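Undergrad: Those protein sequences? They're chains A and B, same order as listed. Note that full-length UniProt numbering numbers the first sequence so that position 116 is 116, with each residue one more than the last. Note that full-length UniProt numbering numbers the second sequence so that position 136 is 136, with each residue one more than the last. After the structure tokens below, expect a handful of questions from me.
There are 2 protein chains.
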Amino acid sequence: MMGSQQQREEEGRAIRTPPDSIGGFESLHRLLEANLKPDVFQEVSRLLLGFNCGRPLEPISLPEAATSLSEEHDFDLQAFSFHADKELLRKERIVRVGLIQNSIVFPTTAHFADQKSGILQHVKHMVDAAGASGVNILCLQEAWMMPFAFCTREKRWCEFAEPVNGETTQFLQEFARKYNMVIINPILERDVNHGDTIWNTAVVIGNHGNIIGIHRKNHIPRVGDFNESTYYMEGNTGHPVFETSYGKIAINICYGRHHPLNWLAFGLNGAEIVFNPSATVGELSEPMWPIEARNAAIANSYFVASINRVGTETFPNPFTSGDGKPQHSDFGHFYGSSHISAPDASCTPSLSRYRDGLLVTEMDLNLCRQLKDKWGFRMTARYEIYAELLSKYLNPDFTPQVIVDPTMQKRE
Amino acid sequence: MMGSQQQREEEGRAIRTPPDSIGGFESLHRLLEANLKPDVFQEVSRLLLGFNCGRPLEPISLPEAATSLSEEHDFDLQAFSFHADKELLRKERIVRVGLIQNSIVFPTTAHFADQKSGILQHVKHMVDAAGASGVNILCLQEAWMMPFAFCTREKRWCEFAEPVNGETTQFLQEFARKYNMVIINPILERDVNHGDTIWNTAVVIGNHGNIIGIHRKNHIPRVGDFNESTYYMEGNTGHPVFETSYGKIAINICYGRHHPLNWLAFGLNGAEIVFNPSATVGELSEPMWPIEARNAAIANSYFVASINRVGTETFPNPFTSGDGKPQHSDFGHFYGSSHISAPDASCTPSLSRYRDGLLVTEMDLNLCRQLKDKWGFRMTARYEIYAELLSKYLNPDFTPQVIVDPTMQKRE
Chain A
1 MMGSQQQREE
11 EGRAIRTPPD
21 SIGGFESLHR
31 LLEANLKPDV
41 FQEVSRLLLG
51 FNCGRPLEPI
61 SLPEAATSLS
71 EEHDFDLQAF
81 SFHADKELLR
91 KERIVRVGLI
101 QNSIVFPTTA
111 HFADQKSGIL
121 QHVKHMVDAA
131 GASGVNILCL
141 QEAWMMPFAF
151 CTREKRWCEF
161 AEPVNGETTQ
171 FLQEFARKYN
181 MVIINPILER
191 DVNHGDTIWN
201 TAVVIGNHGN
211 IIGIHRKNHI
221 PRVGDFNEST
231 YYMEGNTGHP
241 VFETSYGKIA
251 INICYGRHHP
261 LNWLAFGLNG
271 AEIVFNPSAT
281 VGELSEPMWP
291 IEARNAAIAN
301 SYFVASINRV
311 GTETFPNPFT
321 SGDGKPQHSD
331 FGHFYGSSHI
341 SAPDASCTPS
351 LSRYRDGLLV
361 TEMDLNLCRQ
371 LKDKWGFRMT
381 ARYEIYAELL
391 SKYLNPDFTP
401 QVIVDPTMQK
411 RE
Chain B
1 MMGSQQQREE
11 EGRAIRTPPD
21 SIGGFESLHR
31 LLEANLKPDV
41 FQEVSRLLLG
51 FNCGRPLEPI
61 SLPEAATSLS
71 EEHDFDLQAF
81 SFHADKELLR
91 KERIVRVGLI
101 QNSIVFPTTA
111 HFADQKSGIL
121 QHVKHMVDAA
131 GASGVNILCL
141 QEAWMMPFAF
151 CTREKRWCEF
161 AEPVNGETTQ
171 FLQEFARKYN
181 MVIINPILER
191 DVNHGDTIWN
201 TAVVIGNHGN
211 IIGIHRKNHI
221 PRVGDFNEST
231 YYMEGNTGHP
241 VFETSYGKIA
251 INICYGRHHP
261 LNWLAFGLNG
271 AEIVFNPSAT
281 VGELSEPMWP
291 IEARNAAIAN
301 SYFVASINRV
311 GTETFPNPFT
321 SGDGKPQHSD
331 FGHFYGSSHI
341 SAPDASCTPS
351 LSRYRDGLLV
361 TEMDLNLCRQ
371 LKDKWGFRMT
381 ARYEIYAELL
391 SKYLNPDFTP
401 QVIVDPTMQK
411 RE
């Protein structure tokens, strides 16, 4: 156990300092803004972030109650607004979404109870800032209440797992009631009714503090230090869409973002916003991060809210990754960069690559159907062809449709 | 009919001048390179284009026979190389791919025969440059041998349609033989054996000049000035992969790039390079252009070669688009920007946004399977869930998987 609150804070801060290797800039957007002339920056932004309703995305100002929390507790705070066209027969459906990215607070050597309570007490300030900003739907990152210890293959970290109605859910239910806010709580779940099975789960808490339901991660990585298949199995909850007071939402947890079919399924079930609580590191995925989310938003005519863990987490015992690197004791740098993508191909700038942060985004959900009508992707999708192909592909005797050049001389 | 060759060239050049509204810069990459300090540019490039085998993509130098053609005939010429890791049991499978983007040469008021032969004679220089550069597989843009007249809804442009073994195929078969090159020829097809039906088709010519087979565009747009469903219907050729002397290739024509299932199907059939010959304009799709291609390459562990028409085409009779804009007589600016995306999330810079161009890219096809092994997307895809969901979705009585918050008060 450690000493004073101040000491704890100082130890915690140390973990959140960016390593030199990543260059220390906060986001691509800010780097470009600082280095380009305004007219060039505007054109570059148009190409990189797209335009919404014919113009650059608008920042919005937040109340002093929120900005002062961000200054006092040193987290990034940004806010933007997506517009939709006015319709004659439907009212606007304006929703404010909040995304929180957080580092761990205490070293991984601290008592587990301290580690968890440290994170909860720190994240509380960002939840309060979301409440003060009028956020309607708030989502936290994957397994936000613990270090991302799956790299270690050590089973003791399973102690962080909680039942659906456990400590963090109860902690967040209070805020859901206080701020009339839907909150998505991605945890490591302990399923006591099924033999203490462990799942990677998002608990959806309604704006009256009730638990609406859960979703379990559908696709599990086996890559690099992501030894997650050691800890939990593929989810058994299908692709549920949760109809909340503020719109139809779904959760595609982390590695599921690499699977276009997973995104598609949430779309077929009617999602308007799909959250992607994640934990991913720079060397592995940073150039892919905005591409997959934005593609999913475009292809499925919904909003995608991407959240990534932030900071570098060092573990007590070194581990290897089977990739020829020497043993090491950290997972690499989780690069944050949480952002929201819209169905019209526009996108917010990203939160910091190394600081905790809250991204507040207002959107008119009418944009989803407007883009379905504009591009017609659903109507031109010819699903019958693909249902048949996938059924055939499942057969072990599947023969691909290949047309061989009869004049070809195969290379050795 | 028009006058001298020189006059023709001058009239043609006028069409290829970029309008002021797009700012006149050639590509995002070049704009950033010209405006950022080298160290900042390198970091921005890492985030925007990714790294290949741990370093920035390498440019390669081309023979003087190619560079002199590009100077003489004023087309953009760029060349890059993707690497893969060395394997112990498989040899490298190095392939050079060429992509050609072209504007029309004569005004759309010229005699159709002149319009077509003007394009062929101009594109010939780029095909020769590809041959001189050792290109193994060459692909042209969608309906490259005609103006993209589908905006007009006038049926007279159907005269440009050709049978599979028609004028442009015969024209390209010579080059296929001469340069030992596979050539993909995307045409407007006239299917005389099926009641003069018109299709949007890619003819695959083998490196011995033989026709290996065809693929017809699977998904047809009904958006903006893309009145293509007025001219041809959804293709009936499935998702063929063509096994050529240089690897397994497929063609996803234009609007098909918005459909993740279409990309997936070519992957399930074993494609290593998927070509996306396209015609799309700035206002509609420019921020989406790299996202969809790169996502497809990542998700399906293959290379994607994206080609877009270039220039602004003006038609004799004005037309409306049903979007509240006044009648107009041009389609907007086709922004070129052809490029190649790799399965490791790296990507070449793009060709010019307003000049004709040839992009030469060398790649080791072994990278595809290496990325399948690294990320494991195929093995973690759980296709059985999606085959079942799509089958259910096809049912008119399909009920989405929705969990309603029972405490919710619906908004008006």
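Virtual Cβ for every residue (Gly too), placed ideally from N, Cα, C. Here the structure is a predicted model, which is why all the values come from computation and not from measurement.
May I ask you to report which of helix, strand or coil DSSP gives residue 21(A)?
TA: Caution is warranted here: a pLDDT of 43 is assigned to residue 21(A), below 50, making its placement in the model unreliable, and the coordinate value is therefore given only provisionally. In the three-state scheme derived from DSSP, where H, G and I count as helix and E and B as strand, residue 21(A) is classed as helix.
Undergrad: Spell out whether any CB of chain A is found under 8 Å from the CB atom of residue 12(B).
TA: Note that residue 12(B) scores a pLDDT of 43, beneath 50, so its modelled location is shaky; the value from the coordinates is reported in the next line. Closer than 8 Å: no.
Undergrad: Between residue 35(B) and residue 40(A), how many whole angstroms is the CB-CB distance? I'm expecting something under 8 Å.
TA: 5 Å
Undergrad: Under 8 Å Cβ-Cβ, which residues of chain A neighbour residue 400(B)?
TA: Correct list: 241, 268, 269, 270.
Undergrad: Chain B partners of residue 278(A), CB-CB under 7 Å?
TA: The premise fails here: residue 278(A) is roughly 15 Å from chain B at the closest Cβ pair, so nothing lies under 7 Å.
Undergrad: Measuring CA to CA, which of 230(B), 44(B), 308(B) is closest to residue 158(B)?
TA: 230(B)
Undergrad: I'd like the list of long-range same chain contacts for residue 114(A), defined as Cβ closer than 6 Å, with 5 residues on each side in sequence excluded.
TA: 106
Undergrad: For the candidate residues 333(A), 396(A), 344(A), 355(A), whose alpha-carbon lies nearest to that of residue 46(A)?
TA: 344(A)
Undergrad: Given that residue 450(B) touches chain A, what residues does it touch there, using C-beta distances under 9 Å?
TA: Shown here, chain B extends from 1 to 412; a query on residue 450(B) therefore has no answer.
Undergrad: Quick one: grab the DSSP three-state call for residue 134(B).
TA: coil
Undergrad: Should residue 61(A) go down as buried or exposed, given a rule of 16 or more other Cβ atoms within 10 Å for buried?
TA: Classified as exposed, residue 61(A) has fewer than 16 neighbouring CB atoms from the shown chains inside 10 Å of its CB.
Undergrad: Taking residue 190(B) as part of the beta strand (DSSP E), name the residues at either end of that continuous run.
TA: Segment 182–191, the beta strand (DSSP E) holding residue 190(B).
Undergrad: Just mark residue 248(B) as buried or exposed, buried being the case when its beta carbon has 16 or more other beta carbons within 10 Å.
TA: buried
Undergrad: With residue 364(B) as the anchor, note down where its beta strand (DSSP E) starts and where it stops.
TA: In this chain, the beta strand (DSSP E) harbouring residue 364(B) covers 357–364.
Undergrad: I'd like to know if the region 198–206 of chain A and the region 257–266 of chain A are in contact, where contact means that at least 3 CB-CB pairs between them fall below 8 Å.
TA: no
Undergrad: Give every residue of the same chain whose Cβ lies closer than 6 Å to the Cβ of residue 152(A), excluding the five residues on either side of it in the sequence, and list them in chain order.
TA: Closer than 6 Å at Cβ, skipping near neighbours: 315, 319.
Undergrad: Evaluate residue 108(B) with the Cβ neighbour count: other Cβ atoms within 10 Å of its Cβ, from every protein chain shown; 16 or more gives buried, anything less gives exposed.
TA: Per the 10 Å Cβ criterion, buried.
Undergrad: Which residues in the same chain as residue 399(A) place their Cβ atom closer than 6 Å to its Cβ, once the five residues preceding and following it in sequence are excluded?
TA: Short of 6 Å from the beta carbon of residue 399(A), and not among the five residues preceding or following it, lies no beta carbon of its own chain.
Undergrad: Among 206(B), 377(B), 193(B), which has the Cα closest to the Cα of residue 298(B)?
TA: Answer by Cα proximity: 377(B).
Undergrad: With DSSP as the reference, label residue 328(A) as helix, strand or coil.
TA: strand
Undergrad: Is the region 381–395 of chain B touching the region 184–194 of chain A, taking contact as three or more C-beta pairs under 8 Å?
TA: no
Undergrad: Can you tell me whether residue 162(B) is helix, strand or coil according to DSSP?
TA: If DSSP states are grouped into helix, strand and coil, residue 162(B) belongs with the strands.
Undergrad: Taking a contact to mean a Cβ-Cβ separation below 8 Å, would you say residue 136(B) touches residue 302(B) in this structure?
TA: no
Undergrad: With a threshold of 16 other CB atoms inside 10 Å of the CB of residue 8(A), please say whether the residue is buried or exposed.
TA: Annotation note: pLDDT 43 at residue 8(A) (below 50); position unreliable, coordinate value reported separately. Classification of residue 8(A): buried, given that the 10 Å Cβ count is 16 or more.
Undergrad: Grab me the residues of residue 93(B)'s own chain with a C-beta within less than 7 Å of its C-beta, minus the 5 sequence neighbours each way, in chain order.
TA: 247, 364, 365, 366.
Undergrad: If contact is defined by three or more beta carbon pairs under 8 Å, each pair taking one atom from either stretch, is the region 66–80 of chain A in contact with the region 121–130 of chain A?
TA: yes
Undergrad: Closer than 7 Å, Cβ to any Cβ of chain B: which residues of the region 379–394 of chain A, in chain order?
TA: 380, 381, 382, 383, 384, 386, 387, 389, 390, 391, 393, 394
Undergrad: First and last residue of the beta strand (DSSP E) that includes residue 404(B)?
TA: 402–404
Undergrad: Who are the Cβ neighbours of residue 178(A) in its own chain at under 8 Å, not counting the five residues just before and after it?
TA: 131
Undergrad: Alpha carbon to alpha carbon, how far is residue 264(A) from residue 300(A)?
TA: 6 Å
Undergrad: Count the other C-beta atoms from every protein chain shown that fall within 10 angstroms of the C-beta of residue 409(A), then say buried if there are 16 or more, exposed otherwise.
TA: Exposed, because fewer than 16 other Cβ atoms sit within 10 Å of the Cβ of residue 409(A).
Undergrad: Excluding sequence positions up to five away, which residues of its chain have a Cβ less than 7 Å from the Cβ of residue 21(B)?
TA: Low confidence applies to residue 21(B): its pLDDT is 43, below 50, so where it sits in the model is not reliable enough to give any reading.
Undergrad: Among 119(A), 223(A), 190(A), which has the Cα closest to the Cα of residue 373(B)?
TA: Among 119(A), 223(A), 190(A), the Cα nearest to that of residue 373(B) belongs to 223(A).
Undergrad: With distances taken between CB atoms, is the gap from residue 101(B) to residue 356(B) smaller than 8 Å?
TA: yes
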